[in-house]
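Following the numbering used here, the numbering of the sequence shown begins with 130 at its first residue and continues without gaps. Please read the structure below before turning to the comments.
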Amino acid sequence: MSALLLLACLVSLAAIVMYKWRDRKIPIIIISDIGTDPDDILAMMVACAVQKFDILAVITTGGDTINRGRVARRWLNIAGMDHETPVVPDLAPGSGNTKCFIPEDTQSEEESFLTVDKAVDDLAGNIIVKLAKEHKTELGIFAIGP
């Protein structure tokens, strides 16, 4: 009986969420270690293609984050996203150390319009907090990775 009640509550909650967001895009941040495995690319391309999400920022993690940012910008460009969507490499120490695969046609760091400020200790974290304060409970965070 309690399982049936839980299922009914979940279905009702899903219906309420779908009703609330039916006419507008859901604001999201994507946090990704893109550049190692294809799952991140697929997830980002789906998020861009469904036209249901307003991608406010892409944060790259997992080590070699500048190059991961370049790869993220490449895929956003392919998906038709403009340069107004910030791609922010997480430069904080300890963000990982996996190797990033960089496709040959990936733009340089300067051409990728990355949001980088080495004078700020945790720019990626600051951007996440800023967007969370602006969008409160409506913000979705898609963390793609291991």
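Positions of the beta carbon are idealized from the N, C-alpha and C atoms, including for glycine. Keep in mind it's a predicted model, so treat the numbers as computed, not measured.
- Item | For L171, the three-state DSSP class (helix, strand or coil) | Indexing the sequence shown from 1 puts residue 171 at position 42. L171 falls in the helix class under three-state DSSP.
- Item | Sheet register partners of G209 (DSSP bridge) | The residue labelled residue 209 in the question sits at position 80 within the sequence shown. None, per the DSSP bridge assignment.
- Task: Inspect the CB distances between the region 227–240 and the region 256–267 and report whether three or more fall short of 8 Å.
- Result: no
- Query: In whole angstroms, what is the alpha-carbon distance linking V216 and V187?
  - Reply: Your numbering for residue 216 matches position 87 in the sequence shown. Your numbering for residue 187 matches position 58 in the sequence shown. The alpha-carbon atoms of V216 and V187 are separated by roughly 5 Å.
- Item | Anticipated Cβ contact below 8 Å, R199 with E238, distance rounded | Position 70 of the sequence shown holds residue 199. Position 109 of the sequence shown holds residue 238. Their Cβ separation, rounded to whole angstroms, is 6 Å, which keeps R199 and E238 in contact under 8 Å.
- Message: Rounded to the nearest angstrom, what separates D193 and P222 at their Cα positions?
- Response: For the purposes of this step, residue 193 is taken as the residue at position 64 of the sequence shown. For the purposes of this step, residue 222 is taken as the residue at position 93 of the sequence shown. Roughly 11 Å separates the two Cα atoms.
- Beta-carbon proximity of G274 to D152, cut-off 9 Å: The residue labelled residue 274 in the question sits at position 145 within the sequence shown. The residue labelled residue 152 in the question sits at position 23 within the sequence shown. No, they are not a contact pair.
- Is the number of C-beta pairs between the region 167–182 and the region 201–211 that are closer than 8 Å three or more? yes
- Message: Please report the distance separating the alpha-carbon of L171 from that of T165.
- Response: Indexing the sequence shown from 1 puts residue 171 at position 42. Indexing the sequence shown from 1 puts residue 165 at position 36. Distance between the alpha carbons of L171 and T165 is about 12 Å.
- Task: Would you decide whether A201 is buried or exposed? Buried here means 16 or more other CB atoms lie within 10 Å of its CB.
- Result: To locate residue 201, count along the sequence shown from 1; it is residue 72. Buried: at least 16 other Cβ atoms inside 10 Å.
- Query: Taking Cβ positions, are T219 and G269 nearer each other than 9 Å?
  - Reply: Numbered from its first residue, the sequence shown carries residue 219 at position 90. Numbered from its first residue, the sequence shown carries residue 269 at position 140. In the sequence as presented, Thr is not what sits at residue 219; that position holds Asp. Going by C-beta atoms, D219 is not nearer than 9 Å to G269.
- Query: Is DSSP giving I158 helix, strand or coil here?
  - Reply: Your numbering for residue 158 matches position 29 in the sequence shown. It is a strand residue.
- Which class does I195 belong to by DSSP, given the choice of helix, strand or coil? Here residue 195 is taken as the residue at index 66 of the sequence shown, counted from 1. Three-state result, I195: helix.
- Task: Count the other CB atoms, across all protein chains shown, that sit within 10 Å of the CB of G191; report buried if there are 16 or more and exposed otherwise.
- Result: Along the sequence shown, one-based indexing puts residue 191 at 62. With 16 or more other Cβ atoms within 10 Å, it is buried.
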